[in-house]
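Presented below is the structure to which this report refers.
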Amino acid sequence: MRRVHRFLSDIGDKLMYHAFCMSIKARQFPAILREKRPSFLADEVLSEPISDSYAIVVRYAGFSLGDNYLGLLASLRDAGVNTIIVCNGQPSAADQARLKPYAHRILVRANVGRDMGAYRAATLYLNDRGLRAGRMLYFNDSVLYLTGPSLGDLITRLLNNRYDVVGAFENHQFDYHIGSYVFAVSGTVFHDPRLQRFWRRYRPYDLRTHAINKGEIPLSQQFRRGGYSIDVVYSAERLAQRLYAMDLVSLVGLVQYMRPAFRMHPLDDLVARPLTARRLAKAIADHDESRDSVDSAASGPPTISSYAVRREALRNAPRSTEAARVVTETLARHALIDRLMMEITQSSQIHFGFGLYHRVLDCPLVKKDLLARAIYLEHDCSLILDRLPDDTRAPIMRELVSRGRPLDVRGMRRFLLNHGLV
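Laid out in structure tokens, this is it:
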């Protein structure tokens, strides 16, 4: 009976999910039709291009304009990038005045389709108006940008890369795709008619799951179908290389930067494997040293006396502990690295690997929903970011905390969170 109840509950949940999505799409369909040909409320060119490198940087007018966003714009300007700010919604006069010194161009549009809608509109609009880009970078404001050398390094690696497509992170959840919050494409990709066709056909509904399943994932599939080479700045293999270069004590110290669900999980295999390795290493060491002793005692033709000498040598052979220690530590390191990498590569790497990527690879990106999705807790984020100056870390923590944490969330809010709709 319980199994039947669970089955019916799952069916009801799926029906409710699809009904909710269909109602949202039905309500937004008139705006989607009007957006078939992208339109902008304002298009202000503020300066002449300084290079053939451009960046489309999305900003939602409903968010406060923080120093981290302005820091991104300053870093792009310092790298010689022409920044095109795409505002979803009309910015205030004060915000617009603060944005202008950093912008090559400011586009203002209605907030249709959020970030992917802004990417679509700007990409089609700029191509139609003959903008010729050697490199196009994309950024949105779902990320907090930590200003400094690491952010400058990220921008440089997005710009000066022989790959056609470069993402900051990749994601294997649902299907492989490049994270849309930060990525770059070559001019060839930006102007490719097949990519333009993809953007024209994409319907920018204001649904997170739609943006992922009909936007991010198909976009990455289009890159692959076009035969374009893809690279990722903060890839799993680069993280693993750094981890393998660490000793066991350093690796154990990284566990504190993982999400609570990982830290609270028993690491029994990390104990079992080294203990097994110690017995294995001991047997190997005993065998090797015994063989050396026996070989040294076994000179001349085999006789009864020489056999006795070999038995005595075998009994008295010294037992080395160094081989056991080396093998034990090596397997313990590998076991821990396996667990760390499995944890962060099974879902969104920028979320589940936030602590490691920041502490090990100095990643300057912080997703704003780390607490809102109950992946990390407040003290986790504060600890991970404790290398930042207080006046930098404090507003970042306020931004994360003010978005709330799903504690005892019920009803419709719980439904939306469970289905990734918010």
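In this text, residue positions in the sequence shown follow full-length UniProt numbering: the first is 1, and each later residue adds one. Even glycine gets a Cβ: it sits at the ideal position worked out from N, Cα and C.
Nearest-angstrom Cα separation, counted from A31 out to L207
Cα to Cα, L207 sits roughly 14 Å from A31.
Applying the criterion that 16 or more other CB atoms from any shown protein chain within 10 Å of the CB defines a buried residue, is I84 buried or exposed?
Buried, since its Cβ has 16 or more Cβ neighbours within 10 Å.
Terminal residues of the continuous alpha helix (DSSP H) containing R242?
Per DSSP, R242 is one residue of the alpha helix (DSSP H) stretching across 236 to 244.
Could you tell me which of V360, L361, I384, D362 sits nearest to L370, measuring between CA atoms?
I384
Going by the CB atoms, is the gap between D164 and S229 shorter than 8 Å?
yes
Cβ separation of L124 and I396, assumed to be a contact under 8 Å, to the nearest whole Å
L124 to I396, Cβ: 34 Å. No contact.
Can you tell me whether Y376 is buried or exposed, with buried defined as 16 or more other CB within 10 angstroms of its CB?
buried
Which whole-angstrom value describes the C-beta separation of A211 and R114, a residue pair presumed to lie in contact below a C-beta threshold of 8 Å?
7 Å
Please report the distance separating the alpha-carbon of Q173 from that of D141.
22 Å
Closest residue to S75 among Y54, Y60, N111 (Cα-Cα distance)
Y54
Compute the beta-carbon to beta-carbon distance between L340 and L356, rounded to the nearest angstrom, for a pair I have assumed lies under 8 Å.
7 Å
Beta carbon of G167 nearer than 8 Å to that of I155
Taking 8 Å as the Cβ cut-off, G167 and I155 do not qualify as a contacting pair.
So the alpha helix (DSSP H) A74 belongs to, where does it begin and stop?
Its alpha helix (DSSP H) spans residues 67 to 78.
State the DSSP-derived secondary structure class of R183, mapped to helix, strand or coil.
At residue 183 the sequence reads Phe, which differs from the Arg that was named. In the structure shown, F183 sits in a strand (DSSP, three-state: E or B).
Tell me where the beta strand (DSSP E) around E44 begins and ends.
Residue range 42 to 45 is occupied by the beta strand (DSSP E) that includes E44.
4 or more residues per run - each alpha helix (DSSP H) lying fully within the segment 133 to 190:
149 to 159
Through-space distance from K368 to D95, alpha-carbon basis
20 Å
Could you have a look at R109 and say whether DSSP puts it in helix, strand or coil?
R109 falls in the strand class under three-state DSSP.
Considering C363, what are the terminal residues of the alpha helix (DSSP H) in which it resides?
Looking at the DSSP string, C363 is not in any alpha helix (DSSP H), and its letter there is neither H nor E.
Just to confirm my understanding: we take L73, look at its own chain, exclude 5 residues before and 5 after, and list those with CB closer than 8 Å. What are they?
V57, T83, I85, L99, Y102, A103
Under the rule that 16 or more other beta-carbon atoms within 10 Å means buried, what is S296, buried or exposed?
Note that S296 scores a pLDDT of 49, beneath 50, so its modelled location is shaky; the value from the coordinates is reported in the next line. Exposed is the call here.
Tell me I84's beta-bridge partners as DSSP assigns them.
I56, R105
I230, enclosing alpha helix (DSSP H) - first and last residue
Not the alpha helix (DSSP H): I230 falls in the beta strand (DSSP E), residues 230 to 232.
In this structure, does DSSP put S23 in helix, strand or coil?
helix
8 Å Cβ cutoff met for Y176 and R120:
no
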